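Undergrad:
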Amino acid sequence: GDSVTQMEGPVTLSEEAFLTINCTYTATGYPSLFWYVQYPGEGLQLLLKATKADDKGSNKGFEATYRKETTSFHLEKGSVQVSDSAVYFCALSANSGGYQKVTFGIGTKLQVIP
Amino acid sequence: GAVVSQHPSRVICKSGTSVKIECRSLDFQATTMFWYRQFPKQSLMLMATSNEGSKATYEQGVEKDKFLINHASLTLSTLTVTSAHPEDSSFYICSATQSNQPQHFGDGTRLSIL
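Going line by line, the protein sequences match chains A and B. Going by the working numbering, the first sequence opens with residue 35, and the numbers climb by one from there. Going by the working numbering, the second sequence opens with residue 210, and the numbers climb by one from there.
In C-alpha cells:
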C-alpha cells in the first residue's frame, strides 16, 4: 500500500535558521503530495501541495518540490520564526474507490527558539 | 475556501458514557467524510470512511460497534464513541471531500475519558 516516511523530530532550530524536513513516499500511480501543519491544540491546516512531478508548492515562505525520480517532497524554509513552531505532516493523496484517500507521515515537531 | 466544522472541540466525560462528535461541511456537499484518530505524538490514523446514505467502511482493527458513524446528509457526519473508556481518550479529526477533490479537515475534538 501507499506510505509516507518523514524524519522524526523533534527538530529544534534558532530563529532565522534554515529548515529542511525530509519526506519520501511510496505509491502506485501518480499521487498528489501535501504538507499539513498542526499548531498546538488545533486541527490540520493545509500548508502547501503539489499535484504532479516537478511542481513546487509554496506558502508562507515554505516550499517543497515534487521529485518523482527520488520520490521525495522535502519541506524547506529559508528563515524560520518562533511562530512556525508546530507539527508538520507530509501526506499523499491517491484515488481509491472514487475518492482521494490520504496517507500521512508520522509528523515532525518543529520548535523554534528565539 | 471550503470549511469543515467539527463540534465539540473538547469533551471530558465519565467512563461508560457515549459521546457524539459532529462534522459539518459548511459550504459544500460532502459526498465522502473521513474520521481519523490521533494518538499522542503519532500520526493520524484513518478509522473509517463514510459515504452519504450508506454504511461506513471501517479500517482494519477499528471496532464498528464501538465507533458508530452516521452520514445521513451531504453536510453532516457523526461519530459516536459508545460506552467510552479511558483508552478511547484521543484526538479525533474529521475531513470531508466532494467527489474526487482534496480533503478538508475539521479542527478536531479532544476527547478525555475519566
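Even for Gly, the Cβ is constructed at its ideal location relative to N, Cα and C. If you're wondering where the values come from, they're calculated on a predicted model, not measured in any experiment.
#1: Inspect the beta-carbon positions of methionine 41 (chain A) and threonine 142 (chain A) and report whether they are closer than 8 angstroms.
#2: If you measure beta-carbon to beta-carbon, which residues of the segment 246 to 270 of chain B are closer than 7 angstroms to chain A?
#3: Give the secondary structure of valine 213 (chain B) by DSSP, where H, G and I count as helix, E and B as strand, and everything else as coil.
#4: For serine 284 (chain B), return the contacting residues in chain A, with the cut-off set at a CB-CB distance below 9 angstroms.
#5: Provide the residue span of the beta strand (DSSP E) that contains valine 271 (chain B), from first to last.
#6: In the DSSP output, what is threonine 54 (chain A) paired with across the bridge?
#7: Taking 8 angstroms as the CB-CB cut-off, is glutamine 134 (chain A) touching chain B?
#8: Can you list, in chain order, the residues of its chain whose CB lies under 7 angstroms from that of tyrosine 100 (chain A), leaving out five sequence neighbours each side?
#9: Compare the C-beta of proline 311 (chain B) against all C-beta atoms of chain A and say whether one is closer than 8 angstroms.
#10: Sort out for me which residues DSSP pairs serine 37 (chain A) with in a bridge.
#11: Could you please tell me which residues of the segment 287 to 304 of chain B, in chain order, have their CB closer than 7 angstroms to any CB of chain A?
#12: Please confirm if aspartate 236 (chain B) has its CB atom under 8 angstroms from at least one CB of chain A.
#13: Using C-beta distances below 6 angstroms, list every residue in its chain close to leucine 323 (chain B), excluding the 5 sequence neighbours before and after it, in chain order.
#14: Thinking C-beta only, is serine 304 (chain B) closer than 8 angstroms to glutamine 312 (chain B)?
#15: Report the three-state DSSP secondary structure of glutamate 231 (chain B) (helix, strand or coil).
TA: In this structure, then:
#1: Between methionine 41 (chain A) and threonine 142 (chain A), the C-beta spacing is below 8 angstroms.
#2: From the segment 246 to 270 of chain B, only Gln251, Ser252, Leu253 have a Cβ closer than 7 angstroms to chain A.
#3: strand
#4: Note that residue 284 (chain B) is threonine in the sequence shown here, rather than serine. Per Cβ cutoff of 9 angstroms: no residues; threonine 284 (chain B) is ~17 angstroms from chain A at best.
#5: Premise fails: valine 271 (chain B) is in no beta strand (DSSP E) and is neither H nor E.
#6: A:Glu110
#7: yes
#8: Leu67, Ala84, Lys86, Ala87, Asp88, Asp89, Phe107
#9: The beta carbon of proline 311 (chain B) falls within 8 angstroms of a beta carbon belonging to chain A, placing the residue at that interface.
#10: BP columns for serine 37 (chain A) point to A:Thr60.
#11: Ile302
#12: no
#13: Lys223
#14: Yes.
#15: Strand, per DSSP.
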